[in-house]
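Chains as they are written, first to last, in the working numbering: chain A, 1 to 252; chain B, 1001 to 1788.
Take a look at the structure:
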C-alpha cells in the first residue's frame, strides 16, 4: 500500500515572551493510502498543531514531512498552497465559509481556483451539486450560509474538502460544534468517503469519532505516546469500547 | 472598571482608533476652516469696502488746462450728498523704469497720488491701514504690483514731463477701488511733498493731472444721468460695479466655499460610516456584555464614552490645524482683498464643539443597534440565522471570471451599503477636481474670447503707450495700427493689425441716462461675434447690448435708444443681445458701418495681429518672442496667454485645484486604508480559510485591492456623469453674476479631466488598498485554529 503521508522527526517550537515552547517533539508516523487515522490527546497536547504542520498550513521547526513522496519541508509557500488546493481537503471545527457566497459557491470555490481539472465552471457546479446530493444537502445549494443548520454547514464543508478529489482530507474536530445527531451524520459521511478510498487524518476529543478510524495516535506534550490499531471487523460499539480501554491505559 | 475597559479598547484596536481619530481631526479641521471661510467670503467684500472707505459712485476725471468740470458739476448737484476728492497724476508703465527697463508691465493707466491727503484707506499684506509714506518712497497698490518681482528697498525712477525722480519701493498695498484683477489700475502712493513736486510740472499739469471723486448719493441713477454728459470723465463707476469687478476673486472664493462645504459633507459622511462600521465590529463584545448581564444603556454609555474621548482629542487637534488650513485655502484670494473674520477663533471652537456633538449623535444613533444584538450574536459571530433572503448576487458556476475577480465583484455587490458609501466619497473627491479643472481650463481657453467680446487672432499686443497716446489725442489710432504693421513687414512678418476701440458714451433709454462702454472695430464685421438673441447690427444706426445692460435699461430688441456722440444725440435701434464679462457686462457694440470720431476713444485692450501667412502655433510662439524684443514690450501674447492675462485667475484656480486634489488624495488614502484594515480584521477567518484551501497571498491581496478598484472605477464613472450637471449647478451661477447670464460653454480637456485625474485617484486608491492588503500575509492558514 502506498504511503500518502510520512512524518519524520517533526518538531514545532513556538517562542512566546522569549520562552521556548516545544509543541511537537520528534514526531514520527505515517499514513497509508485509504487509511483513516485519528489523533487524540488532552487539550494543549499539540494535536491541532500536528495536523496544521503536516498539512503545510503551519511551518515546521525541524524534521521532514513527505506528502505523496514530495518533501513538504522543502517546499515554498507558493508550492504548499498548490498542494493544499489540489491534493488536500480540510474540514475545521468552526464551519468557516465565505459569507458573501452561497453554499454551492463556497463548495465549488477551490475547484474554480484550481487548474487541476481544467473544467468549465458549469461542469464544476454540476460536480458540486452531485456532491451535495450525495451528502443529502442538495436543497440548500442556493442558500446563504446563515440560512442553514450547523450539521448542514459541516456537510457543506465536507463537500468543499472533496471537490478537488484530494489525496487526503485533514479534519480538525469536525464534529466539535455539532450536536449528537448532526455529529453522527457527519461521521457517517466521512466513513463513507474513507470506504470509497479517501485517506483521512482526524483530530478529535471524541472517542465516538476516533473509533471510526483504523488507527489512533495518542499524543501527550508533543510526543506520540502510543498508537492503537482498531479492529476493522468489529462493530462500532466494540471499537469504541476497545479504544476507550486503550485510552485509559494511556492515562486519558 | 469602565475606564479600564475603554483604555483596553483604545490600546487593543489601536490602528482603527487612530484612523477614527484622524477622521475626527479632518472633520474638525474642515468644518472649522470651512465655516470660517464661508463667513469670511460672505462678509468679505462688504467688510473690505467698509474698511477702505468706499463710496456709492466714483468718477475719474482729467483736468483740462487746470479746469475741473466734474467738481463744478458736483458742487451744484442735488443728487451728490457729499464727495471726497483725491488729486492724481495719470501715468503709464513707460513712466517707471528700473535699470533702464520697465518697472512693471501693465496695460491700464496708472495713477500717482499722495497718501497723506487721502481719506481712502489702503492696506498692507498684514491688512493694516497704511497712513503715511516717507519722502522718496513709493507704495504700489493693486494686483499687478503683487505679481511683480519688486522687493522692498528696490530703487527705480519716475520720468514724466520734466520730472525725473528716484523712488524706493516701500511695499505692495491693497486697493479696494482699483485693485481687482479685472480693473487693475495700479495706484502709486507717494508723500505729499513728492506729489506736489510732480504735479507742479507744466507738462503734467497740461496732460496728466486729474482727480478721483468718491461720491455719496441717495439716488444713484439720477446722479449717473446727471454726470453722464460731463466732460473730461475718464471713468465713472458705481460701487456695485466695482464689487462685480472682484468677480474673478469672488469666483475663486465661491469655489473655495463650495469646496469647503463639500469637505464638510465628506468628513461627516466618513465619520458616520466609520462609527457605524466600527460599532458593527463590536457585536461579539456587545453580545458577551449582554450575556454577563450588562444593560443596554450601560453598554451604550461605554461606547459613547469611548467616542467622546476620541472626539474631544480629535476636535482639539483639528481646531489648531484649522487655522493654517483655512489661511491656506483663503490665501489665493486674500492677496488683493482684506479678508478677515473677526470671530474666527470663537467660530472655530464652536465648530469643533459641533463636531464633537455630531460624533456623539452618530455614536448614539449607531449604538441603537445594541438593543438588537443578543448574547447569541457573540456565540454565532453576529450571524443570527434570521436572514432568509438570498445574499449572493452572482453565481460562481455561471461566471467566466477568474475566482479572484469573481470574489472581488461579488463582495462589492453583496455589501452594497458599505461599498456605495466608499464609492460616493471617491466620486465626490473626483468630481471636485474635475469641476475645478474644467473651470480653470475654461478661464484660460479661447472660449473666453466670446465672453470678452473679442475675435480670435494670432497675437494680442497690449501696448499701453500707443493706446494712451491715442486716448490723450497725441496720435491717431490708424497711425498706430499702420506703424505696427510697417514694423512687422520690415521684420518679415507681414500681418493685418486691428484694434477693438472702446468709447464711453451716454445712452438715454426710457428717459434714464447711462454711461456705456461701446466697442467698435472697423476691421471686423459685427457678424464675427456671437449673440444670444437677435441679429448682428448691419447698418450704421444699429447696435447690440449685453443682456445685463438691456435688462438694466428695460429695453428689448427693436427698441430705439439715443446715444450722445460728440455733442450730438443720435437714434439707434437695438438689434441683438450678447453676453460679456468685460466691464461686468456694461458693454454695447456699434456697427462697423457707423463712423465714430477716433478722438472720442476712451480705451482698448490692445492691438490684434493676424499674420498673412497663417503660421502654425509653434511659429507664432517664436514670432511672439521676436516681437517682444522688437517692441521692447513683454505684453505680447498668443490667445491663451492673453486670456490668462485678462482673467488673471486661471493660475490661482489651478493652485486651488492642485490643493483640492491633494486634500482629496489624503481623504481617499485614509478611507482606503481604514476600510481595508477594517475588512481584514473582520474577515480574518475567511482569509485564513482561503489560505487553508490553497489561495495564495497574492490572490487574496488582489481580491482585496480589486474591491477598492471596482469601487473607485464606479466612482470615476459617477463623477464623469456628474461633472457637467455640477458645473451648470455651481459654476454657471458664479459666471452669471458677472454678465454671462446665458450659461458658459466649458472647455473640457478630456485627457486631463477624464483620464489623468481619474487615473491619479484610481492609482492612489489601488496602491493604498494594496499596501494595506499586504497585512493579510500575517494571517496564516493555521489561524483557522485560533480564530474564534
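Using N, Cα and C, we set each Cβ at its ideal position, and we do this for glycine too.
Buried or exposed for residue i, please, with buried defined as at least 16 other CB atoms from any protein chain shown within 10 angstroms of its CB.
i, result
"residue 1007 (chain B)", "exposed"
"residue 140 (chain A)", "buried"
"residue 233 (chain A)", "exposed"
"residue 1482 (chain B)", "exposed"
"residue 1361 (chain B)", "exposed"
"residue 1357 (chain B)", "exposed"
"residue 1417 (chain B)", "exposed"
"residue 1235 (chain B)", "buried"
"residue 1137 (chain B)", "buried"
"residue 1382 (chain B)", "Low confidence applies to residue 1382 (chain B): its pLDDT is 46, below 50, so where it sits in the model is not reliable, and the reading given next is rough at best. So residue 1382 (chain B) ends up on the buried side."
"residue 1351 (chain B)", "buried"
"residue 1657 (chain B)", "buried"
"residue 1307 (chain B)", "buried"
With a cut-off of 8 Å, does the C-beta of residue i fall near any C-beta of chain A?
i, result
"residue 1399 (chain B)", "yes"
"residue 1707 (chain B)", "no"
"residue 1395 (chain B)", "yes"
"residue 1269 (chain B)", "no"
"residue 1420 (chain B)", "no"
"residue 1781 (chain B)", "yes"
"residue 1689 (chain B)", "yes"
"residue 1423 (chain B)", "no"
"residue 1410 (chain B)", "yes"
"residue 1387 (chain B)", "Below a pLDDT of 50, predicted positions are generally treated as unreliable, and residue 1387 (chain B), at 42, falls in that range; the measurement from the model is reported next regardless. Cβ-Cβ to chain A under 8 Å: yes for residue 1387 (chain B)."
Measuring CA to CA, which of the options is closest to residue i?
i, options, result
"residue 1185 (chain B)", "B:1514, B:1077, B:1240 and B:1144", "B:1144"
"residue 1364 (chain B)", "B:1429, B:1328, B:1298 and B:1313", "B:1298"
"residue 133 (chain A)", "A:158, A:97 and A:212", "A:158"
"residue 1499 (chain B)", "B:1520, B:1493 and B:1516", "B:1520"
"residue 173 (chain A)", "A:149, A:91 and A:103", "A:91"
"residue 202 (chain A)", "A:93, A:25, A:122 and A:45", "A:93"
"residue 1538 (chain B)", "B:1547, B:1525, B:1773 and B:1545", "B:1525"
"residue 1168 (chain B)", "B:1574, B:1135, B:1514 and B:1677", "B:1135"
How about residue i and residue j: are their beta carbons less than 8 Å apart?
i, j, result
"residue 65 (chain A)", "residue 51 (chain A)", "no"
"residue 1123 (chain B)", "residue 1139 (chain B)", "no"
"residue 1531 (chain B)", "residue 1576 (chain B)", "yes"
"residue 1447 (chain B)", "residue 1753 (chain B)", "no"
"residue 107 (chain A)", "residue 163 (chain A)", "yes"
"residue 89 (chain A)", "residue 161 (chain A)", "yes"
"residue 1602 (chain B)", "residue 1728 (chain B)", "no"
"residue 1077 (chain B)", "residue 1070 (chain B)", "no"
"residue 1740 (chain B)", "residue 1579 (chain B)", "yes"
"residue 1640 (chain B)", "residue 1697 (chain B)", "no"
"residue 1226 (chain B)", "residue 1056 (chain B)", "no"
"residue 1695 (chain B)", "residue 78 (chain A)", "no"
"residue 1412 (chain B)", "residue 1711 (chain B)", "yes"
"residue 1744 (chain B)", "residue 1730 (chain B)", "no"
"residue 1035 (chain B)", "residue 1318 (chain B)", "no"
"residue 1535 (chain B)", "residue 1668 (chain B)", "no"
"residue 1346 (chain B)", "residue 1127 (chain B)", "no"
"residue 1063 (chain B)", "residue 1267 (chain B)", "no"
Determine, for residue i, whether the minimum Cβ-Cβ distance to residues of chain D falls below 8 Å.
i, result
"residue 1693 (chain B)", "Absent from the structure: chain D. Protein chains present are A and B."
Would a check of beta-carbon distances place residue i closer than 8 Å to chain B?
i, result
"residue 84 (chain A)", "yes"
"residue 112 (chain A)", "yes"
"residue 185 (chain A)", "no"
"residue 100 (chain A)", "yes"
"residue 109 (chain A)", "yes"
"residue 125 (chain A)", "yes"
Flag this pair as touching only if the segment 1421 to 1432 of chain B and the segment 1500 to 1520 of chain B have three or more C-beta atom pairs under 8 Å; answer yes or no.
no
Should the segment 8 to 20 of chain A be called in touch with the segment 31 to 45 of chain A, which here means at least 3 C-beta pairs below 8 Å?
no
Using 8 Å as the threshold, is the segment 1022 to 1029 of chain B in touch with the segment 1262 to 1280 of chain B, meaning 3 or more CB pairs across them?
Verdict: yes, contact present.
Given 8 Å as the limit, is there contact between the segment 1554 to 1566 of chain B and the segment 1184 to 1204 of chain B, that is, 3 or more CB pairs closer than that?
In short, these stretches do not touch, since the Cβ pair count stays below three.
May I ask you to verify whether the segment 1627 to 1636 of chain B touches the segment 1460 to 1470 of chain B, counting CB pairs closer than 8 Å and requiring at least 3?
Three or more Cβ pairs closer than 8 Å define a contact, and the segment 1627 to 1636 of chain B meets that threshold against the segment 1460 to 1470 of chain B.
Check whether the segment 1588 to 1599 of chain B and the segment 1540 to 1556 of chain B touch, using three or more Cβ-Cβ pairs below 8 Å as the test.
yes
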